[in-house]
Each structure stands twice: as C-alpha cells, then as structure tokens.
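Working notes, beginning with the structure itself.
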Amino acid sequence: MSTHLITATAHGGLPGADPRAAAVWMLSELRDPHLPVLPELHAEGRSDTTGRSAVMLTELPVDRQPYGWRLVSAESVPARRAASWFGQGLDAFVDVAGEQGISVPRLGLRVLGPVSLMARLWLPGGERALRDHGARADIMASWTDGVAAQLDRIHRLTGAKMHLVVAEPEALGALTGRIPTASGYRTVRSLDRSEVRTHWRAAVTALCRPRLAEDGLTLDAAGAGEDGQASQMLTRTLIEALPTPETLADQTPPRLSLGLPWAGIEQDGTHPALWDTIAELVESGYGADLMVPSELAQRPGVDPARLAQALQQRWDRLGLDPALLEAVRVSAPDLSQGAIGTAAVPRALDRVRQVAERASQPL
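Just so you know, we're using my numbering here: the sequence shown kicks off at 2 and counts up by one.
This is the structure:
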C-alpha cells in the first residue's frame, strides 16, 4: 500500500474553563496538515453547546431558562454572556497562535445544526420550536446568516480557510418522532425527510463559499452509519443532502463529509451498514470522519499503531482503492464528558493524530 495522507481533527467539547489552555492543546497536537477546531469548553458556568450556537442566530434573541434555551423578544443577559465566552475563546486562540508563531491555514468551527436547534429551542409559549413550521423556517434562515457571520469573523481574524462541523445529535429523534413535548407525555410529530434534507442541502450550498466554509463541511449526526432501519434512514438522508463538491466552488472543491463512528475496524463482518456507507462516500468523492471512541482515545496503553494497522487492513480486505484512504479523517470524540481531566486531553488528541499519521504510512 502506497503512502496517502490521512488527517486528524476533533469533534466535540473539551473539559476545563481556560480558553488559553484549550488553544494550546489544540494547536500543539493538531497542527497543519491536521485540522484544529476552535475549542468548545463546557466547564460549569460556561455556555453549553445549545447556547453557544443559539446566540449565533440573527434577529432571534434567546434566553436561558431552567428547562433550556427559549426564543424571546429581546437580548438577554445569559445570551450576552454566552456570546462573550465565545469571543474570549476566539481571542485566546488567535493570541496563542500568534505568540507561538503557529500557522493555521485551516480551522474548524463546530456548531449545533439547524434541526437540533429546532428540537432544543423553546417557543415563548413553552413548546418546542420543532412543532411550529414558521419557527422552523425562521430558525433555518437565522442559523444560516448567523453561522455565515461567525465563519467570516473567524476567517478575518485568523486568515484560515474554515471548515464547518454541523453537529446534529437530535436529527434521528426529529426524523423518528422521539423528541418529547413540554409535558413529557407525548412526542413531537416527526419531521418529513424531505424537509430535513432540504435544510441540510441549503446549509451546505449557502455556507461552502469563499471566506465562509471554504475548506468544506462535515455533517455529524448521532446514529449515522449504524445498523437498524431508523439509522439507515438517517444515513440516507444525510448522503442525499450532500451536493456534488464540484458544483460549490469555482476553484478547489470543498471537502464534504459525514461524521461516522470508529467501529467494526478490527472485526470483519461487523457493522456492515457503516462500511457500506463509508465505501459509498469515498467512492462518490466525499469524506468520512471516523470518531475514535472515548475509551480508545483516553485509556492508557492503547497502541495507535495497532489502530492504524487495523484501519488499513479492513480497507484492504474490503477491496477499496488505497488512494481513497485520503478521504478518511480520524476524529477525537467529545472529551468534555465523563471523568476525563484536563491533563488527559493532550494524550487523547496526540493519540488520534498518531493514528492518522501511522495510517498514512504503508503497511
């Protein structure tokens, strides 16, 4: 097998409350050609994933309530605080890169996707925004404008080509009617696949532009690539939402990919739906971001060379073109969950980087 460049990145939050420390971790372990991501800190007292993305909405103010984030008529103190934390994190990242003389040609931004925001945001009357067609349309338009503004802002400050990671943890629930109502006794009616597909296609088409998500976009939906009828329906909806990369840019086509689990790599015959999806993606010109499980990323004694070799061997046994391994990106998981401490973050990021680099070498 010849040499092919496989890169590493990180999907998810980090522990702690120090944006400078988070910037150091990211820039130290995921330098070019890998893809660092603007750190997302979830320590107590800071904004959660929903609030971090909700405050990006344009002309749709939000407020934090005990049950979650709610659409309101005027800007709130929690929203201003969440926006300030985001700005502090961005400033710290720019400062650390400048102080250490680290070039950042490409940078990722992870945001909660429009479908998941619809599922998590509440209307002023106390019901989920997901139930209201008009609210869904308003959120989609506001989300697109707001994310575009943030991508442009970060690009201007860093000079980096931006890669957008659209996290959709609630998409499967929205598609299958599993999102509970305010009472908890019922569920919100499922969204039609065509509406969800339209939202995602619109996001990709609007944002994969120069100065915005010029490097590309990753749709990362929990449950994608897994076995089971519902997960396969979600996976098919995601794939159908991806336009042909060449239609989105006059110059270098952006990298369009799906976030998928790192599973079935060391056991032939397992997770057939996942590997069918990976094969379809890479043979159609798309990418696959494989998220290493938290256990493998954090547990002492895990050999990155063994993981890399397992990926190469599974690829070879499936008969996939070795050159298409370049379409794979190895991703660190959400490191803000569980008992992981800040000291373990560099080790986890270093491990996924080593997996990518070793998998780039011949067997």
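For every residue, glycine included, the Cβ atom is placed at its ideal position computed from N, Cα and C.
In terms of CA proximity to Glu-169, Met-119 leads the group Pro-294, Met-119 and Cys-209. The beta-carbon distance between Leu-131 and Val-167, rounded to whole angstroms, is 17 Å. This is too long to meet the 8 Å contact definition.
Between Ala-357 and Pro-334 the beta-carbon gap is near 14 Å, outside 8 Å, which marks them as no contact. Gln-151 and Gly-270 have their C-alpha atoms roughly 43 Å apart. Residue range 69–72 is occupied by the beta strand (DSSP E) that includes Trp-70, with no alpha helix (DSSP H) assigned at that position. When DSSP states are grouped into helix, strand and coil, Asp-216 belongs to the coil group. DSSP, read as helix, strand or coil, puts Gln-66 in strand. Ser-258: member of the beta strand (DSSP E) spanning 256–262, first to last residue. Residue pairing for Ala-333: DSSP places it in a beta bridge opposite Ala-11.
Of the residues Met-292, Ile-7 and Gly-286, the one whose Cα lies closest to the Cα of Gly-224 is Met-292.
In the structure shown, Arg-190 falls within a coil segment according to DSSP collapsed to helix, strand and coil.
In this structure Ser-117 is buried. Its beta-carbon is surrounded by 16 or more other beta-carbon atoms within 10 angstroms. Within the segment 30–56, the complete alpha helix (DSSP H) segments of 4 residues or longer fall at 50–55, listed in chain order. As a beta-bridge residue in DSSP terms, Trp-123 pairs with Arg-71 and Arg-129. Per DSSP, reduced to three states, the secondary structure at Arg-111 is strand. Rounded to whole angstroms, Gln-233 and Arg-53 show a C-alpha spacing of 29 Å. Excluding five sequence positions before and after Arg-71, the CB atoms of its chain that fall closer than 6 Å to its own CB belong to Asp-64 and Trp-123, given in chain order. The beta carbon of Pro-244 sits closer than 8 Å to those of Arg-202, Val-205, Thr-206 and Leu-257, all from its chain and outside the five residues before and after it, given in chain order.
Under a 10 Å Cβ-count criterion, Thr-188 is classified as exposed, with fewer than 16 other Cβ atoms of the shown protein chains found around its own Cβ.
His-164 has Gly-109 and Gly-217 as its beta-bridge partners, per DSSP. By alpha-carbon distance to Glu-76, the top candidate from Leu-58, Gly-265 and Gly-226 is Leu-58. Within the DSSP secondary-structure output, Pro-181 pairs in a beta bridge with Thr-188. Val-38 and Ala-172 have their C-alpha atoms roughly 22 Å apart. Contact check between the segment 336–356 and the segment 8–17: three or more CB pairs, one atom from each, fall below 8 Å, which counts as touching. Met-163 is a Cβ neighbour of Arg-107, given a cutoff of 9 Å. Collapsing the DSSP output to three states places Leu-58 in coil.
Between the beta-carbon of Pro-20 and that of Gln-89 there is about 6 Å, and that keeps the pair under the 8 Å contact cut. Here Leu-350 carries a helix assignment [DSSP, helix/strand/coil]. Shown here, Glu-284 sits in a helix according to DSSP, grouped into three states.
In the assembly as shown, Pro-115 is a buried residue. Its beta-carbon has 16 or more other beta-carbons within 10 Å. Between the alpha carbons of Ala-274 and Leu-282 lies a distance of about 12 Å. Secondary structure note for Gly-99: its alpha helix (DSSP H) is the uninterrupted segment 78–101. Under a 10 Å Cβ-count criterion, Arg-121 is classified as buried, with 16 or more other Cβ atoms of the shown protein chains found around its own Cβ.
The beta carbon of Trp-144 sits closer than 7 Å to those of Leu-58, Pro-115 and Leu-118, all from its chain and outside the five residues before and after it, given in chain order. When the beta-carbon positions are compared, Ala-55 and His-35 stay at least 9 Å from each other. By the 16-neighbour rule on beta-carbons within 10 angstroms, Val-148 is buried.
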